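The sequence shown lines up with residues -1 to 289 when you count with this note's numbering.
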Amino acid sequence: MTESDTDARAHPRKPANPFLATRNEAGRAARSAQDRNRMWWELKPMTYAPWEEDDRLPQDAAAFEAMERYLLAKSPFLRERFDAAAQKGRRVLDLGCGSGVLSCLLAKHRAEVTAVDITEQGTRLARQNAALRGLPIRVVRTDAEAMGLADQSFDFVLSWGVLHHSESTERALAEVRRVLRPGGRGMMMVYHRNSLVYYLKGLYWLLLRGRIIRGESLDSVTDRYADGYYHRHFGRRELAACLRGVGLEPVRLTATQQQEPILPGLRGKLDEALKARLGWYLVAEFVRPKG
Ligand SMILES: C[S@@+](CC[C@H](N)C(=O)[O-])C[C@H]1O[C@@H](n2cnc3c(N)ncnc32)[C@H](O)[C@@H]1O
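Pasting the structure below:
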């Protein structure tokens, strides 16, 4: 019996935790470690609809456009610090494109976009998104850890909320280096270990919900509140070392978080300052050095 079964029986009217329920289902259906990652996202594609809803798939251009507005409204970093217009005319890879929200944003700014996802659902949604909005993007279904894409064929790689879910972030980053041209740049966002979410939610589950008695750890309880089958959390030094380990040079590492206050009631500069130190998202901007 799975943990979500237990929860559902103990509280018949309470919906099962969608993260755990999906993890259990993906684990049962998958055939390999990376297949568990893929299956999770086949079951719950990234559409920005609430995770617990049954019908989470956008159907028309207005719904896809609303997803773009939602993502930008929720992400101060993407809105204020990512210059999509600067990618005009460049060959850009959106690695782990989900429904193609950022692929389409870049295509609107006339970047030459290739959108990649490991899932059937993601590639289908990204194609539908681009077609409904008349945007020219190339969509390829492939695994970030073994991409069937040519060496040095991109000027910029964007990977937002993806590589911490993959079986091996290191293998995926080695592929990012291979497909970037020397001098090419990139930006990736992964989960941040030194964050309030990691410690506060982790301690809540470990101590208040008693998971520590079952031998669980801060890492293992993330299954209860984070998306994806795997959700590795990185410290700054660890992420910089991963990038350097494959021959990519980190240019800047920035912690950030969603628009909502990091703690209830916190606002303005204090909220911003805390997110910049202890936000749940860690963004790395990097370059593939020339030579
Ligand atoms: C959290 S969603 C982010 C989607 C998109 N980047 C966005 O910001 O809306 C993670 C996406 O990464 C994809 N993904 C996970 N591991 C992958 C891998 N190894 N190769 C390619 N895509 C992957 C998932 O299928 C999913 O669509």
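Glycine is no exception: its CB is placed at the ideal position from the N, C-alpha and C atoms. As the structure is a computational prediction, the values presented were derived from the model and not from experiment.
Check                                                                                                                                                                     : Outcome
Hey, would you say the C-beta of Thr117 is under 7 angstroms away from at least one heavy atom of ligand 1?                                                               : yes
Using 8 angstroms for Cβ pairs, my map puts Gly146 next to Asp115. What's the rounded Cβ distance?                                                                        : Gly146 to Asp115, Cβ: 13 angstroms. No contact.
Starting from the N-terminal side, write out each stretch of the beta strand (DSSP E) that is 3 residues or longer and does not extend beyond the stretch 212 to 282.     : 247 to 254
Expressed to the nearest angstrom, what Euclidean distance is found between the alpha-carbon atoms of Ser2 and Tyr223?                                                    : Caution applies to Ser2, whose pLDDT of 41 falls short of 50 and renders its modelled position unreliable; the model cannot decide the point.
How would you label Leu206, buried or exposed, when you count the other beta carbons within 10 angstroms and need 16 or more for buried?                                  : exposed
I'd like to confirm something about His107: is its beta-carbon nearer than 7 angstroms to some heavy atom of ligand 1, or not?                                            : no
For Ala83, does the three-state DSSP call read helix, strand or coil?                                                                                                     : helix
For Asp141, which of helix, strand or coil comes out of DSSP?                                                                                                             : strand
Starting from the N-terminal side, write out each stretch of the alpha helix (DSSP H) that is 4 residues or longer and does not extend beyond the stretch 167 to 197.     : 167 to 177
Going by the CB atoms, is the gap between Glu143 and Ser157 shorter than 8 angstroms?                                                                                     : no
Using CA atoms only, rank isn't needed, just tell me which of Glu118, Ala61, Glu78 and Asn192 is closest to Val99.                                                        : Ala61
Hey, how far is the Cα of Thr252 from the Cα of Ala82?                                                                                                                    : 18 angstroms
Going along the chain, which unbroken runs of the alpha helix (DSSP H) with 4 or more residues stay wholly within the stretch 19 to 52?                                   : 31 to 41
Over what stretch of residues does the alpha helix (DSSP H) that includes Ala129 continue unbroken?                                                                       : Glu118 to Leu130
Expressed to the nearest angstrom, what Euclidean distance is found between the alpha-carbon atoms of Asn22 and Arg212?                                                   : 18 angstroms
Hey, quick one: how far does the beta strand (DSSP E) through Ala113 stretch, first residue to last?                                                                      : Glu110 to Asp115
Determine the extent of the beta strand (DSSP E) in which Arg67 is found, giving its start and end residues.                                                              : First-last for Arg67: Ala59 to Lys72, but that is the alpha helix (DSSP H), not the beta strand (DSSP E).
For Asp221, which residues of its own chain have a beta-carbon under 7 angstroms away from its beta-carbon, when the five flanking residues on both sides are left out?   : Phe17, Leu18 and Arg21
Can you find the residues in the same chain that come closer than 8 angstroms, C-beta to C-beta, to Gln257, ignoring five residues on each side of it along the sequence? : Ala71, Lys72, Ser73 and Pro74
Quick check: what's the CA-CA separation for Leu198 versus Thr121?                                                                                                        : 35 angstroms
Looking at C-alpha atoms only, which residue of Ala84, Arg125 and Val174 is the closest neighbour of Leu133?                                                              : Arg125
Quick one: what's Asp92 bridged to in DSSP?                                                                                                                               : Ala113 and Leu156
Please classify Val249 as buried or exposed, where buried requires at least 16 neighbouring CB atoms within 10 angstroms.                                                 : exposed
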